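J.: Residue numbers (my numbering): -19 to 227.
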Amino acid sequence: MAEDLVLDTAIRDWVLIPLSVVMVLIGVLRYFVGKLMRSSQTADEKIVKEGQLIIRARNLRAAANFIPAKSFRLRKAYYTNEENGLLHVPKGQATNPQAQMFSDPNMAMDMMKKNLSMIIPQTLTFAWVNFFFSGFVAAKIPFPLTQRFRAMLQNGIDLSTVDVSYVSSRSWYFLNLFGLRGLFSLILGDENAMDDTQRMMQMGGFGMDPTKSLSAEKDSMEIIQHEWALPKMGQRAEEVLRKFVKQ
């Protein structure tokens, strides 16, 4: 049977709260440091055009059923034609993100700055947590959990008799590391609240080829089935009115 523990209030005051406050302050400080280290870059005209083109194609797919079938076919051919379609990318013209990165030293420098601004603070913070707070049971989850969560919530505590709902200080550090996106969105805004999970995913690659987005949008445009909504508009209006009258 798992044992119930009585947590000392001093652990809450000197471990749980300071650790959470430090993680928030480090995240905010890292954002402003990264903003200062970021070099100003002019937007690539080709990338901007491709992005606007994808948005227009998605709007067409979303509103496809509200235009006649002939008009939709003409627009579909305008985007997906194999000879001169806007979404068609000829073979051999696809850009290589790695080659583009190495050809632009500013892009490589910005990526290195982003990685350093993430790796160095988190390495120092983890060393600080591991040295001063390792081995503490810092909190308890207010609902029962299965044994699969033990390795995630009790990192640094090798006691199988402790209930799974108890959280170690080291696991609390990782929960704050990957779970503060909502708080950062309130402090920094939604556009600046990218969490460390997304940053780690971006570190593994050199970026995304924009031509792949064009090809994916072209494939989505080709498989869409057109069904004009005008003939059924009266029936839908009648259903909405009946629901309104019943209420």
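No residue lacks a Cβ here, since even glycine has one placed at the ideal position from N, Cα and C.
Source: prediction; values computed, not measured.
In whole angstroms, what is the alpha-carbon distance linking ALA217 and HIS206?
T.: In the sequence shown, the residue the question calls residue 217 occupies position 237. In the sequence shown, the residue the question calls residue 206 occupies position 226. Roughly 21 angstroms between the two C-alpha positions.
J.: Quick check on VAL69: does DSSP put it in helix, strand or coil?
T.: What you label residue 69 is simply residue 89 of the sequence shown in a count that begins at 1. The answer is coil: DSSP assigns VAL69 none of H, G, I, E or B.
J.: Rounded to a whole number of angstroms, what is the C-alpha to C-alpha distance between PRO70 and LYS93?
T.: By one-based count along the sequence shown, residue 70 stands at place 90. By one-based count along the sequence shown, residue 93 stands at place 113. Taking the straight line from one Cα to the other gives about 35 angstroms.
J.: Using 10 angstroms around the beta-carbon of TRP152, count the other beta-carbons present and answer buried if the total reaches 16, otherwise exposed.
T.: Taking the first residue of the sequence shown as position 1, residue 152 is located at position 172. Looking at its Cβ environment, which holds 16 or more other Cβ atoms inside 10 Å, TRP152 is buried.
J.: Determine which residues share a DSSP beta bridge with ALA119 and list them.
T.: The sequence position of residue 119 within the sequence shown is 139, counting from 1. BP columns for ALA119 point to VAL147.
J.: So, does the segment 40 to 60 touch the segment 197 to 212, judging by three or more C-beta pairs under 8 angstroms?
T.: Judged by Cβ distances under 8 angstroms, the segment 40 to 60 makes contact with the segment 197 to 212, as three or more pairs qualify.
J.: Quick check on the DSSP output: the alpha helix (DSSP H) that includes LEU166 runs from which residue to which?
T.: As a working mapping, residue 166 is identified with position 186 in the sequence shown. Element bounds for LEU166: 161 to 168.
J.: How long is the line joining the alpha carbons of LEU160 and PHE52, rounded to whole angstroms?
T.: Taking the first residue of the sequence shown as 1, we reach residue 160 at position 180. Taking the first residue of the sequence shown as 1, we reach residue 52 at position 72. Near 45 angstroms, if we compare the C-alpha coordinates of PHE52 and LEU160.
J.: Report the residue from VAL8, THR191, ALA42 and ASN110 whose alpha carbon sits nearest the alpha carbon of VAL(-5).
T.: In the sequence shown, the residue the question calls residue -5 occupies position 15. The candidate whose alpha carbon is nearest that of VAL(-5) is ASN110.
J.: Contact defined as beta carbons within less than 8 angstroms: I believe SER114 pairs with SER149. What is the distance between those atoms, to the nearest angstrom?
T.: Against the sequence shown, residue 114 aligns to sequence position 134. Against the sequence shown, residue 149 aligns to sequence position 169. Correct: roughly 7 angstroms between the Cβ atoms.
J.: In terms of residues, what are the limits of the alpha helix (DSSP H) holding GLU219?
T.: On the sequence shown, residue 219 is found 239 positions in, with the first residue counted as 1. Taken as a continuous stretch (DSSP letters only), the alpha helix (DSSP H) holding GLU219 covers 213 to 226.
J.: To the nearest angstrom, report how far apart VAL147 and ALA119 are at their CA atoms.
T.: Your numbering for residue 147 matches position 167 in the sequence shown. Your numbering for residue 119 matches position 139 in the sequence shown. Each residue's Cα considered, the two are about 5 angstroms apart.
J.: Check the C-beta distance from SER200 over to ARG41 and give it rounded, since I have them as a contact under 8 angstroms.
T.: By one-based count along the sequence shown, residue 200 stands at place 220. By one-based count along the sequence shown, residue 41 stands at place 61. Confirmed, Cβ separation roughly 6 angstroms.
J.: In terms of alpha-carbon separation, which member of ILE203, PRO101 and VAL142 lies closest to SER124?
T.: For the purposes of this step, residue 124 is taken as residue 144 along the sequence shown, with counting starting at 1. According to the sequence shown, residue 124 is Pro rather than Ser. Comparing Cα positions, the closest option is VAL142.
J.: Within 10 angstroms of its Cβ, does GLN134 collect 16 or more other Cβ (buried), or is it exposed?
T.: Numbered from its first residue, the sequence shown carries residue 134 at position 154. Counting Cβ neighbours within 10 Å, GLN134 comes out buried, since at least 16 surround it.
J.: Is it buried or exposed for ARG169, if we count other Cβ within 10 angstroms and need 16 for buried?
T.: Taking the sequence shown and counting its residues from 1, the one referred to as residue 169 is at position 189. According to the sequence provided, residue 169 is Gly. The question's Arg does not apply to it. It is exposed - the Cβ of GLY169 has fewer than 16 other Cβ atoms within 10 Å.
J.: Measuring only the C-alpha atoms, how far is GLN182 from GLY214?
T.: Residue 182 sits at position 202 when you count from the first residue of the sequence shown. Residue 214 sits at position 234 when you count from the first residue of the sequence shown. Since pLDDT at GLN182 reaches only 48, below the 50 mark, its modelled position is unreliable, and the value read off the structure follows with that caveat. Each residue's alpha carbon lies about 49 angstroms from the other.
J.: Quick check: ILE6 and PRO101, are their CB atoms within less than 7 angstroms of each other?
T.: Within the sequence shown, the letter at position 26 stands for residue 6. Within the sequence shown, the letter at position 121 stands for residue 101. It is a contact, given that the beta carbons lie within the stated cut-off.
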